[in-house]
Every structure is written in structure tokens, then in C-alpha cells.
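Structure first, commentary second.
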């Protein structure tokens, strides 16, 4: 299967889960906020630009069920490796880690295949640790003005959604059951 099987090209105002938005601005409060806010709070907002993937479900987008769009940061694999190695994590360089990523067994990350034809995409990961929301009207206008963009095809779109769901449905139990492992089988 070629990497062209992963993506369709999309243009215009149509927005679906799995759409890739390159250099999309997001906005965040800068500095610190105090509570309670005064009657006319002076709030500074920073704009930053990221590559993003639409995570809101397509049916909610198409049927006007949402006012805001959930987006996850898309990061080139080479940038992930550089950042992790700078933090002292050399594990990301290993073949074993890449295999786990390919198999979808790295919580918080989902691998996207490279695409050589335009618009191109390097090997990248969707990072579920970096989520943003923007008004749907803003995202739709941004997408429409961006020209051709990549859109994940089925079943890759569903694979991304499943990875996102697995990341958020993790449960940390409040008890220690390791004693059960050590006791062995009891008849």
C-alpha cells in the first residue's frame, strides 16, 4: 500500500475529522490570570502557529452540532526525536520504539505516514498531549483560505480516532494488585 492511500486532498469550507491544517494560529492567554476577574479584565492573548489535525468527529462538524473544533498538534517525527534527545530520552531513536509507534502502542501519539506528492508531509505524529479548541467558523475560514490540504482517508481517520479514544480512556486504578501476581494460582 503506498503512502498516497493515506490521504485525499480537500479544499474549501468542508471540514472533517482528520483534516490537516498547516500553520494554523491558536490563541492563548499570556501571563497570569487572577481570580476573580474584575468587571473589565485586561487580558493579553498570544497567537502561536502550529500544524494541527482536526479531531472533532465529522458527523458533528457536518451536522452543525458543535461551535468549537478540537485540534491536536501535528509534529514532524524528526522534531519529536530532536526534542526528546535534548531531554535525555534516547529511547525514541530505537527501532523498538518506532515499532511500538507503528503498532499504535505509544499512548498520546499517533503516527501519520509521509507523503511525497504536494502537499507533502514528513513522517509525523499527532500529539494528543497538545490539544486546542478554536471556533468552528474560524477553522472553516482558515481551511478555506489554505488551498489544498491533506485529509486522512478511511480507515486511517478511524485509526487516529481510536488512538485518541484509547489515550483518553486509560484508567489508573487506586489499588495495588501486584500481590495477586506474586501469590500464584490457588485452587
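Numbering (our numbering), first residue to last: 19 to 205.
Every residue gets a Cβ at the ideal spot worked out from N, C-alpha and C, and that includes glycine.
Bear in mind that the values here come from a model prediction, so they are computed numbers and not experimental data.
For residue j and residue i, the rounded distance between their alpha carbons
i, j, result
"residue 32", "residue 92", "20 Å"
"residue 176", "residue 184", "12 Å"
"residue 193", "residue 88", "33 Å"
"residue 97", "residue 52", "35 Å"
"residue 165", "residue 30", "7 Å"
"residue 101", "residue 201", "42 Å"
"residue 187", "residue 108", "28 Å"
"residue 179", "residue 99", "24 Å"
Nonlocal neighbours in the same chain, by C-beta distance under 6 Å from residue i, ignoring five residues either side
i, result
"residue 75", "35"
"residue 45", "63, 65"
"residue 106", "none"
"residue 196", "none"
"residue 67", "41, 43"
For residue i, three-class secondary structure by DSSP
i, result
"residue 197", "helix"
"residue 158", "helix"
"residue 119", "helix"
"residue 189", "coil"
"residue 108", "coil"
"residue 96", "helix"
"residue 86", "strand"
"residue 39", "strand"
"residue 177", "helix"
"residue 103", "helix"
Close Cβ partners of residue i (< 7 Å) along its chain, the five nearest in sequence each way excluded
i, result
"residue 142", "92, 93, 94, 95, 130"
"residue 84", "74, 78, 154"
"residue 132", "21, 139, 140, 141"
"residue 19", "Because residue 19 carries a pLDDT of 44, less than 50, the predicted location of this residue cannot be relied on, and the following value inherits that uncertainty. Excluding positions up to five away in sequence, the list is empty."
Supposed close pair residue i, residue j - CB separation, criterion 8 Å
i, j, result
"residue 151", "residue 86", "5 Å"
"residue 90", "residue 148", "7 Å"
"residue 162", "residue 37", "Rounded, the Cβ-Cβ distance is 11 Å, inconsistent with contact."
CB contact flag (residue i, residue j, <9 Å)
i, j, result
"residue 39", "residue 71", "yes"
"residue 42", "residue 60", "no"
"residue 103", "residue 111", "yes"
"residue 146", "residue 182", "yes"
Contacting residues, own chain, Cβ-Cβ under 8 Å from residue i (five flanking each side not counted)
i, result
"residue 119", "127, 129, 143"
"residue 24", "130, 131, 133, 170, 171, 174"
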